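Engineer:
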Amino acid sequence: MALYRDFTSQEQIDEQYRIDVIETDFLESITRHADRGAATRDALPHRLGLRYGPTRDENLDFFPAARPGAPLFVFIHGGYWHAPNSSLDFSLVAAAPASAGIATAVVNYSLAPKVTIDEITRQNRAAIAWLVSNADELGIDASRIVVAGHSAGGQQVAQLMLTDWEGDYGLPADTIHAGVAISGLFDLEPFPYSWLAPRLLFTHETVVRESPLRHVRPVPGTLLLTYGAQETAEFARQTAEFFDAWQAAGNRGEVFQVEGAAHMRAFEGYGDPASDLWRRTAELFG
Numbered sequence: 001m002a003l004y005r006d007f008t009s010q011e012q013i014d015e016q017y018r019i020d021v022i023e024t025d026f027l028e029s030i031t032r033h034a035d036r037g038a039a040t041r042d043a044l045p046h047r048l049g050l051r052y053g054p055t056r057d058e059n060l061d062f063f064p065a066a067r068p069g070a071p072l073f074v075f076i077h078g079g080y081w082h083a084p085n086s087s088l089d090f091s092l093v094a095a096a097p098a099s100a101g102i103a104t105a106v107v108n109y110s111l112a113p114k115v116t117i118d119e120i121t122r123q124n125r126a127a128i129a130w131l132v133s134n135a136d137e138l139g140i141d142a143s144r145i146v147v148a149g150h151s152a153g154g155q156q157v158a159q160l161m162l163t164d165w166e167g168d169y170g171l172p173a174d175t176i177h178a179g180v181a182i183s184g185l186f187d188l189e190p191f192p193y194s195w196l197a198p199r200l201l202f203t204h205e206t207v208v209r210e211s212p213l214r215h216v217r218p219v220p221g222t223l224l225l226t227y228g229a230q231e232t233a234e235f236a237r238q239t240a241e242f243f244d245a246w247q248a249a250g251n252r253g254e255v256f257q258v259e260g261a262a263h264m265r266a267f268e269g270y271g272d273p274a275s276d277l278w279r280r281t282a283e284l285f286g
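Under UniProt numbering, the first residue of the sequence shown carries the number 1, and numbering increases by one thereafter.
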């Protein structure tokens with residue numbers, strides 16, 4: 001009997017999604033990200049650990065632009081909502097924006113099983129609201145915020161794009177000017193049958209609430225969807241299905257592959273001002 005789509009076992013699902021097993025250079029990628037992040041912090045002015053919420057985990061790293069009134073690039077890291085990643089591991093993403101005079105915020109959030117995915121989404125929404133509220137002090141243009149995220153961070157980007165900013169936060173409906181979801185996870189239904197189950201403690205209600213695919217509606221803003229050309233078929237399918245739903249709702253968007261990239265390299269273009277990923281993202285700021 002199928003557990004999800006045509007998958008009949010946890011092993012089959014894990015073969016598509018468990019990156020630490022799929023990619024033989026997984027640990028090397030983590031080290032590379034940390035090293036490039038440290039080099040980026042050495043090169044750019046920054047403020048670490050700015051508190052955007054009441055809990056210890058609700059903080060972000062901010063890389064200001066050279067001039068006030070700059071657009072803001074926000075990055076949300078992945079890790080399947082539970083891996084012990086830190087914003088410091090992703091500082092590299094500030095390099096390309098800095099070259100274009102754009103500020104960057106790299107967001108930290110609490111991780112499962114300490115919190116639910118619902119709480120992770122709440123925290124990332126709170127981070128955006130805090131950035132908007134503190135735009136003048138940070139020297140950013142709150143009307144030009146582009147949010148990108150990788151893997152679980154891609155799921156968070158979709159949830160942020162679908163947030164009722166006006167009704168829930170009293171902010172403009174187009175608070176998120178545009179988004180970039182990289183290797184995103186838009187349908188959470190396979191994960192209760194995966195290696196993640198004991199870590200994330202899924203319920204049916206959580207899967208429904210936190211699957212952006214189930215909540216697509218007309219919203220302001222453009223969404224870019226991308227994934228590495230060397231990723232598994234499931235990452236490609238998740239992106240394609242969400243893009244179809246996004247377009248069917250009348251929303252603006254585009255889908256493309258990051259050539260030559262597997263999962264752990266799919267977002268690294270943000271460390272290179274000449275990359276196709278950054279070129280496409282930079283165009284979103286208008």
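Just so you know, even glycine gets a beta-carbon here, dropped at the ideal spot from N, CA and C.
In this text, all values refer to a predicted model and were calculated from it rather than measured experimentally.
Taking the Cβ atom as the reference point for each residue, do residue 4 and residue 190 lie within a distance shorter than 7 Å?
Structural biologist: Yes; because the gap between Cβ atoms is below 7 Å, this pair is in contact.
Engineer: By Cβ distance below 6 Å, which residues in the same chain neighbour residue 254 in space, the five residues on each side in sequence not counted?
Structural biologist: So the qualifying residues of the chain are 224.
Engineer: Keeping to the same chain, check which residues put their C-beta closer than 6 Å to that of residue 58; ignore five residues upstream and five downstream.
Structural biologist: So the list reads 52, 123, once near-sequence residues are dropped.
Engineer: Within the same chain, show all residues whose beta-carbon is closer than 8 Å to that of residue 186, passing over the 5 residues directly before and after it, in chain order.
Structural biologist: For residue 186, where only same-chain residues beyond five positions count, the Cβ hits under 8 Å are 154, 155, 158, 211, 212, 213, 238, 239, 241, 242.
Engineer: For residue 192 and residue 68, I'd like the C-alpha separation in whole angstroms.
Structural biologist: Each residue's Cα considered, the two are about 45 Å apart.
Engineer: Between which residues of its own chain and residue 287 is the CB-CB distance below 7 Å, once the five residues before and five after are set aside?
Structural biologist: Because the chain here runs from 1 to 286, residue 287 falls outside it and cannot be looked at.
Engineer: Is it right to say residue 228 is buried, meaning 16 or more other beta carbons lie within 10 angstroms of its own, or is it exposed?
Structural biologist: Residue 228 is buried by the Cβ-count criterion.
Engineer: Got a sec, what are the start and stop residues for the beta strand (DSSP E) residue 257 sits in?
Structural biologist: Run containing residue 257: 252 to 258, per the beta strand (DSSP E) assignment.
Engineer: Is it buried or exposed for residue 231, if we count other Cβ within 10 angstroms and need 16 for buried?
Structural biologist: Residue 231 is buried by the Cβ-count criterion.
Engineer: Hey, could you find the ends of the alpha helix (DSSP H) residue 47 is sitting in?
Structural biologist: Careful: residue 47 lies outside any alpha helix (DSSP H), inside the beta strand (DSSP E) at 47 to 51.
Engineer: Here's the rule I'm using: 16 or more other beta-carbon atoms within 10 Å means buried, otherwise exposed. How should residue 97 be labelled?
Structural biologist: Buried.
Engineer: Using alpha carbons as the reference points, say which of 139, 36, 250, 246 lies closest to residue 71.
Structural biologist: Ranking the options by Cα distance to residue 71, first place goes to 139.
Engineer: Near residue 172, which residues of its chain fall below 7 Å by C-beta distance, leaving aside the five closest residues on each side in sequence?
Structural biologist: So the list reads 165, 166, once near-sequence residues are dropped.
Engineer: Might you give, ordered along the chain, the residues of its own chain that have their beta carbon closer than 6 Å to the beta carbon of residue 48, omitting 5 neighbours on each side?
Structural biologist: Excluding sequence neighbours, residue 48 sits near 61.
Engineer: Whose C-alpha, out of 181, 100, 203, 146, is nearest the C-alpha of residue 271?
Structural biologist: Ranking 181, 100, 203, 146 by Cα distance to residue 271 puts 100 first.
Engineer: Going by beta carbon distance, what residues of the same chain come within less than 6 Å of residue 188, once the five residues before and after it are set aside?
Structural biologist: Answer for residue 188: 207, 210, 211, listed in chain order.
Engineer: Quick one: Cα of residue 89 to Cα of residue 55, how far?
Structural biologist: If I take the Cα positions, the gap works out to 20 Å.
Engineer: Tell me whether residue 144 sits in a helix, a strand or coil according to DSSP, three-state version.
Structural biologist: DSSP places residue 144 in strand when its eight states are reduced to three.
Engineer: Using DSSP bridges, identify the partner residues of residue 72.
Structural biologist: Answer is 103, 145.
Engineer: Can residue 234 be considered in contact with the ligand SAH, in the sense that its beta carbon sits closer than 6 Å to one or more heavy atoms?
Structural biologist: Looking at this structure, you won't find the ligand SAH or any other ligand, since it has none at all.
Engineer: In angstroms with no decimal places, state the Cα-to-Cα distance between residue 24 and residue 260.
Structural biologist: One C-alpha to the other measures close to 16 Å.
Engineer: Quick check on the DSSP output: the beta strand (DSSP E) that includes residue 271 runs from which residue to which?
Structural biologist: Per DSSP, residue 271 belongs to no beta strand (DSSP E) and is neither H nor E.
Engineer: Distance check for residue 233 and residue 92, CA to CA, integer angstroms please.
Structural biologist: One C-alpha to the other measures close to 27 Å.
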